[in-house]
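Here is the structure we will look at, set down as structure tokens.
What follows is the structure in structure tokens.
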């Protein structure tokens, strides 16, 4: 049915609860040029300013993703038939230094990029996208779709430039992201002040608060995403706290009144065909997730990102 | 106020937290011809292919259903004034064999059917409806309203015909269900392949995916349910995973992006008057439900099914 | 930026997880006439008829409210710049007598009222608003906005006049509330009978069930709230079970099919400018809240009530 | 094998997880003179001064006691072959008044006593033994074995005479307990002051603190229990907080450094033959017991008390 | 420091929380003759008669065993320097049939045995040792050290020969175990009757109840183990419910008053040098283990078994 | 009864569940020279190498310590009558840098030391004692009693000198601790290698493993503690993982087979009269503590340390 070498564990042969957990039961493999889409964990929470524990995010999502199957129910995309997809393990991190971790992560993604693979990652706190972008967007600014309750455009936090509230600003400053091609969806939550929003407005980031999301409706938001990112290379970053807390209680900084999983799924499915160069889901904290719903939702979003990547891979091959 | 013999515990006399838990505090009784509506537990999880624990479903729902009162807030239906409703205990099952359990369950429901009672059941995994239908639909195919994230129309799983993913197909094959009078609501979730969907299409089952549900809207879905089942005898089966995982994390195979309790309640309330011959709620796993919301929602859905059964009972008596 | 004396802990200096927990990190202070808005805990659960544990409500919300910041994302209201807001601790209660607790609470709020402060309270079960209203509405009946799944207009429960199901009726009888200026939003849940609803209809309380809420839509509900309460003094009481159980599993009597946090937030934000004399959030039970979402949502609603109070304070000062 | 009428559910026929939960799967029956040992729930937490929730104690223990079998592994006692043992349901209580509850409980146990049954009860907070003793020890003072971390000999708490810290003192004052025949085991925990201990010393209660327990060793403690209670009528009350918190985290006032289940079991087993007139296990709070260990241990202690009662019953019959 | 090929992940380079979870961070490998000690998961719970969920045992222990290091603190044994140890994944099982699962498991262990590896396994319910013994003890009866609260010597359960209460009897009947060389430690728990104990006595199994354990003391129990198993081939099976429930709440049938982890560790450490042909830890149910202590303890016991296997391997090589 | 100015909340007036949580309900106060014993939180987890979350330790222990009373049940010490004891809040920390945090903590304790107060602290991970010792032991090396499963004498971890596994070595190197006056109790757990133990042996640290603890018995261990620390100034550091995991599951690196709370309490009580200059309890992780037992035990140990400090204060005053 497919000529792709890497195939996930077949759940009609090996029960879902059996065998070592890999992301979505994908084949485990070392990084080589055979890998088209690399599923990667980035266990880091040293950039978190409130509740820590996102370092267990990759472990939690690997376990929860046992129930992911192989075909997208809305789009029909079957990614494992379209690309070689493998769980290549976790990026190295340093358990005691966010700065060293950022360097180690960047080095790892440089290799992924060199191998020609598109990375779909599970964080880790939302510091994680910065070293990824440094590795895969170093040839010029790319676009960004960001589902998040916070804009992550602060300049610093307590004198620190690298943390989970600053990655967008850093990436714009470093020329990795084109602010005109950034769209942020789900912004809300009580606020410290205006510093982050002013920065976004000044640089031309398209910020869609929950108020605006609700006024526009999902269909118009999807159209707006397409308009903002246009046809260029695009990265997709999901802070799980962009979802409503009832969808994702297991996160560091939950903010009520957010995006529903159904809407997140449909937004992602509507973006088939974008030139995706990578994606991540961050801020999953399993120790705060006794019902497991956060990890389950993250696993399902990982599948959606993987479908987007598989379609983009197919387009590129043509 | 009523001449029905069986009345639930009166919570204005006996506090909700007191006394042995029966379903919705209904009277406990042996099965006799006096019972019009039989509340039944079916503790079984040997048909589950991922996470087990639904064998504790009846115990969990009995405990959670202490807070159910006696009058439907939307329809005004007061079932205990319309029919003799009793918790008749659990169907016998075999803890080590799904096949023997299916036989034991069938035998038990044959007796319920012979006594003239309509069973409203709490599973147990979704193997449970098959032996129920064999007992109560043996005189000819009936209709089915199914709220579920999966169509349960697989032919087999690992060589096994009887499990929680095949009951609809088996029941159609055995002439218990009329596929033209089956409607499935809430289908979604990543998929293995097309086998189940193809079967549904081929036999004429009306499958409403979440995509279609959303496009149609609840009112049109209700109209479509009525159209499909028409005026004939109808069974109602709710796999609790038809609800969104945030409504029902305590289940074996949660699938994000599902039906909200509010919508489930309103669909059920809109079907007053259908010729209901039985109903069930399956796949509740209390050990995966630390907040208790799954059991609470199942208890409330049990009340809705009981209201439908009470109205149907009244219609039949006329 | 502000000349208000009482300022909350600055989370850009003191991390959110640090220091003793006060409501929303507000300044802790003894009650004096300097306090404009008093944040108060009322630890009581002796009025609860099903699941107890609301006595830990204030402790749970203090801890969860560490993540509240200072500016409202929709309205831009920055309450700490507009009024002196302080956590003045808990009202005294008696751990073994609901009657004595009601007296102690009333005495405490008499002092708050005398000091000229508007109280925003965290209960405690829903007996709590009665002694508050006795203290702050003693000069004539006021209006009430009530988000709740139950109308709390029973006459008594097992012979007892003071409990969590009667406060509205008592307050109307005592001339504290004007029934024509009461609006209840979110009513639902299976019912005992008609006693409470009949009382509401007879006295002219505007009861919006979930059925009606859904038919009207949020915007019309907001308009109706404004119409009912008009320009007079108004109290705002939120029983956390007015929210859907997936938003608030940690409560004594959860009722599926309720109000979403997003809608609660937007209703509150739309009422800027009402003449708020106090508000409360009751029935938070931390021991039933393993994900913490109930406490987090209560904390966010407390911020919304505080914003309303700050605007009202500013209007009054002019 | 036995001529006793009431037999528990046979777990080799009906799986442990099946059927409505009764205490230890005992037969459910109305109170009649056929019942020799009455298993009773007393759902009350209005006497608790710290963490509430013991009102769910009977429900929690009924569910957890599904795994109790029929023969004591140490003594070989098989109580169901020796006496008619039935779960007669819960004592009535008032959800809003500890005083009324105390009266209702007393009335219920008067009936049990009149029927000639020995009650083994699951509370409820530790106010519960007082009304029980008023009913079953009204003919003269009896002895008491009390496993507890607190002596419960305070005179009052905040002006209240009836609560979970005073039952022993009240019962002595009322002539229900003979202080010279009271032995308290497991006393510990930081203390308010000396009031309770002074009372115990003054009246001649034998108080064994954990310090003394450790010095004496279990065998000597058992001998001391026998010495103190002698041959007369004896009641046995277990506050589950007498156990170490790792054995019983689900309780209102846990005190580290307590008694192990193994020791509690062996103490109880060593007392075969005492003239037991009743026993209880109090202060089980299921909402604080996520691992379930507290309810499981309480269920096992209930079996031990039932074995003592069965032996005493057999002795009396001779 | 070692010439062994397979080395675990080095936690001083790769943080404990990083990378895909394998048993004790051991190298993952396909089964070949290079593997001396095979770490295996056996995900099965179809043999459980009360609470299911042991199918997730291997997943839970893999995750929890991230904190196992490389040197035994008491004996100094460093197994990875002594033998090639690898996680070879899970034995195949059938999710719907205990009989088919038993066959699949046996086939898998036949291959392990043929490859010359000693298996250390994580179940799965306690049906698991039977197919293992069929594979690795087929050349003659071996000895058994069993830590367990139940003797597992029933003849059948509800007509079923293969389940978690019968493995010892089956294995004796099939000539896989020499009853004279079986020692069972930790027996306790209320009992159904005498069938299992009589069988043990009749066949000469050495049964050490908790009563006898306590009387003998740990040192004498260790001596007795050595005496019973003598110098021959020995298998070691740990039902995690042999531990006290406070050490292992996450299991199907907890029995209070059991063995402490400290004692289990020291018993295992004292058996260095026995001719171990395999070992297992069964009945770990992660869904009932919210604190994680059961999985953590199982992980530590797995390390102890692995140390025994490494010493035995070294002895054999000489 | 006492002339001490700072008194805790009186729980016979203000219920335990009421009011803002401070450590053991102690008076909250700014640091002044009036404070004799300063209760301090140190919210830090950036030095943790496995599971994070100890930054919530102070919040968790403040809440759990509501049940601490005022008199020691074994020694009779009543610390609030002997010294002015206040909760002075949390030491400042930096959420993104362990190095900066160490500096901030040190500065804070310098002020405590200058004010003449003895600090009793709740961490935070076990990096915390180093900056404390730098502040309060800068005049010459002091003794150390350490209850811990790990010796914390590593030289570095992944190139980092300051983390939760190195504080003892750093403090010895810096002349803050006299290795001859260090005693470590409870060492166990699988090991990386010998680096830490060799350091301890070389420098003369008295290391008591669990094996030795068990051989010696508690009384001899207490005697050995007294012998090692002698009469000089002593600091007391408790890593909560020194307790057995069933006493403290809520910690980063649990190691089975550890010290019981009863033993910890009795060791502490036996040390009345030592010249205590400070103490801490570290590594409490509330997010991993669903039963709450870890926080409760930490709260009780805090009381024991406070009693020691109060006695030492009294001795010094004489």
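Residue numbers (the numbering used here), protein chains in the order written: chain A, 1 to 318; chain B, 1001 to 1318; chain C, 2001 to 2318; chain D, 3001 to 3318; chain E, 4001 to 4318; chain F, 5001 to 5318. Glycine included, C-beta positions come from ideal geometry on N, C-alpha and C. If you're wondering where the values come from, they're calculated on a predicted model, not measured in any experiment.
Counting C-beta neighbours from all protein chains within 10 Å, is the total for residue 5246 of chain F 16 or more, i.e. buried, or is it exposed?
Looking up residue 5246 of chain F in the sixth chain gives position 246. Buried, by the Cβ-count rule.
Is residue 2193 of chain C close to chain A? Criterion is C-beta to C-beta, closer than 8 angstroms.
Here residue 2193 of chain C refers to the residue found at position 193 of the third chain. No, residue 2193 of chain C does not count as interfacial toward chain A.
Could you name the residues that DSSP lists as bridge partners for residue 4236 of chain E?
Against the fifth chain, residue 4236 of chain E aligns to sequence position 236. The partner list for residue 4236 of chain E (beta bridge, DSSP) reads E/4145 and E/4279.
Does the beta-carbon distance from residue 3187 of chain D to residue 3209 of chain D come in below 8 angstroms?
If you number the fourth chain from 1, residue 3187 of chain D lands on position 187. If you number the fourth chain from 1, residue 3209 of chain D lands on position 209. Contact flag set, yes.
Confirm, please, whether the CB-CB distance from residue 2014 of chain C to residue 2272 of chain C is below 8 angstroms.
Here residue 2272 of chain C is taken as the residue at index 272 of the third chain, counted from 1. Here residue 2014 of chain C is taken as the residue at index 14 of the third chain, counted from 1. No, these two residues do not count as a Cβ contact at 8 angstroms.
Rounded to whole angstroms, what is the Cα-Cα separation between residue 5127 of chain F and residue 258 of chain A?
Here residue 5127 of chain F is taken as the residue at index 127 of the sixth chain, counted from 1. Here residue 258 of chain A is taken as the residue at index 258 of the first chain, counted from 1. Each residue's Cα considered, the two are about 38 angstroms apart.
In whole angstroms, what separates the C-alpha of residue 133 of chain A from that of residue 1200 of chain B?
Along the first chain, one-based indexing puts residue 133 of chain A at 133. Along the second chain, one-based indexing puts residue 1200 of chain B at 200. Spanning the two alpha carbons is a distance of roughly 45 angstroms.
Three-state secondary structure (DSSP) at residue 52 of chain A?
For this step, residue 52 of chain A is matched to residue 52 along the first chain. Coil, per DSSP.
Find the nearest neighbour of residue 5165 of chain F within the set F/5216, F/5197, F/5092 and F/5016, judged by alpha-carbon distance.
Translated into positions along the sixth chain, residue 5165 of chain F becomes position 165. For the residues F/5216, F/5197, F/5092 and F/5016, the minimum Cα distance to residue 5165 of chain F belongs to F/5197.
Since residue 265 of chain A sits in a beta bridge, which residues does DSSP pair it with?
As a position in the first chain, residue 265 of chain A is number 265, starting the count at 1. In DSSP, residue 265 of chain A forms no bridge with anything.
Determine the extent of the beta strand (DSSP E) in which residue 3118 of chain D is found, giving its start and end residues.
For the purposes of this step, residue 3118 of chain D is identified with residue 118 of the fourth chain, where counting begins at 1. Element bounds for residue 3118 of chain D: 3118 to 3123.
Starting from the Cα of residue 4252 of chain E, find the closest Cα among B/1065, B/1300, B/1270 and B/1055 and give me that residue.
The count along the fifth chain starts at 1 and reaches residue 4252 of chain E at position 252. That would be B/1055, whose Cα lies nearest to the Cα of residue 4252 of chain E.
So what's residue 160 of chain A in DSSP terms, helix, strand or just coil?
For the purposes of this step, residue 160 of chain A is identified with residue 160 of the first chain, where counting begins at 1. It is a strand residue.
For the 8 angstroms Cβ check, are there 3 or more pairs between the stretch 5028 to 5038 of chain F and the stretch 5083 to 5095 of chain F?
Yes, the stretch 5028 to 5038 of chain F is in contact with the stretch 5083 to 5095 of chain F.
In the DSSP assignment, find the unbroken beta strand (DSSP E) run with residue 4106 of chain E in it and report its ends.
Here residue 4106 of chain E corresponds to residue number 106 of the fifth chain, with the count starting at 1. No beta strand (DSSP E) contains residue 4106 of chain E, which is instead part of the alpha helix (DSSP H) from 4098 to 4114.
For residue 3077 of chain D and residue 3314 of chain D, what's the separation of their Cα atoms in angstroms?
Locating residue 3077 of chain D in the fourth chain gives position 77, where the first residue counts as 1. Locating residue 3314 of chain D in the fourth chain gives position 314, where the first residue counts as 1. Taking the straight line joining both Cα atoms gives about 11 angstroms.
Once DSSP output is grouped into helix, strand and coil, what is the label at residue 205 of chain A?
The residue labelled residue 205 of chain A in the question sits at position 205 within the first chain. Note: residue 205 of chain A maps to coil in three-state DSSP.
Going residue by residue through the stretch 4018 to 4047 of chain E, where are the continuous beta strand (DSSP E) segments of at least 3 residues, counting only ones entirely within it?
4037 to 4042, all fully within the stretch 4018 to 4047 of chain E.
Please determine, among A/140, A/31, A/304 and A/110, the residue with the shortest C-alpha to C-alpha distance to residue 321 of chain A.
The structure shown does not extend to residue 321 of chain A, since chain A spans only 1 to 318, so no value can be given for it.
Please check if any C-beta of chain B sits within less than 8 angstroms of the C-beta of residue 2286 of chain C.
On the third chain, position 286 is the one that residue 2286 of chain C refers to. With 8 angstroms as the cut-off, residue 2286 of chain C does not count as an interface residue toward chain B.
Compute the Euclidean distance between the alpha carbons of residue 2079 of chain C and residue 2311 of chain C, then round it to the nearest angstrom.
Reading the third chain from its first residue, position 79 is the one you call residue 2079 of chain C. Reading the third chain from its first residue, position 311 is the one you call residue 2311 of chain C. Going from the Cα of residue 2079 of chain C to the Cα of residue 2311 of chain C covers about 8 angstroms.
Which chain C residues sit within Cβ distance under 9 angstroms of residue 5028 of chain F?
One-based indexing of the sixth chain puts residue 5028 of chain F at position 28. Near residue 5028 of chain F (Cβ distances below 9 angstroms), the residues of chain C are 2020 and 2028.
Pull up the distance between the alpha-carbon of residue 221 of chain A and that of residue 213 of chain A, whole angstroms please.
Locating residue 221 of chain A in the first chain gives position 221, where the first residue counts as 1. Locating residue 213 of chain A in the first chain gives position 213, where the first residue counts as 1. Distance between the alpha carbons of residue 221 of chain A and residue 213 of chain A: 7 angstroms.
Does the structure place the stretch 1286 to 1303 of chain B close enough to the stretch 2017 to 2036 of chain C that three or more beta carbon pairs sit under 8 angstroms?
With the cut-off at 8 angstroms, the stretch 2017 to 2036 of chain C and the stretch 1286 to 1303 of chain B do not touch.
Please confirm whether residue 356 of chain A has its beta-carbon closer than 8 angstroms to some beta-carbon of chain C.
The structure shown does not extend to residue 356 of chain A, since chain A spans only 1 to 318, so no value can be given for it.
I want to know whether the stretch 1041 to 1051 of chain B touches the stretch 1091 to 1099 of chain B - three or more CB-CB distances under 8 angstroms.
Enough Cβ pairs lie closer than 8 angstroms, so yes.
Leaving aside the five residues before and after residue 2072 of chain C along the sequence, list all residues of the same chain whose C-beta is less than 6 angstroms from its C-beta, in chain order.
The residue given as residue 2072 of chain C occupies position 72 in the third chain. Contacts found: 2307.
Please report the straight-line C-alpha distance between residue 4105 of chain E and residue 1215 of chain B, rounded to a whole angstrom.
For the purposes of this step, residue 4105 of chain E is taken as residue 105 along the fifth chain, with counting starting at 1. For the purposes of this step, residue 1215 of chain B is taken as residue 215 along the second chain, with counting starting at 1. Those two C-alpha atoms are separated by around 48 angstroms.
Run through chain B and tell me which residues come within less than 7 angstroms of residue 3017 of chain D, C-beta to C-beta.
Walking along the fourth chain from the start, residue 3017 of chain D turns up at place 17. The answer, in chain order, is 1043, 1055, 1056 and 1059.
What three-state label does DSSP hand residue 4253 of chain E in the structure shown?
Looking up residue 4253 of chain E in the fifth chain gives position 253. In this structure, residue 4253 of chain E counts as coil in the three-state DSSP scheme.
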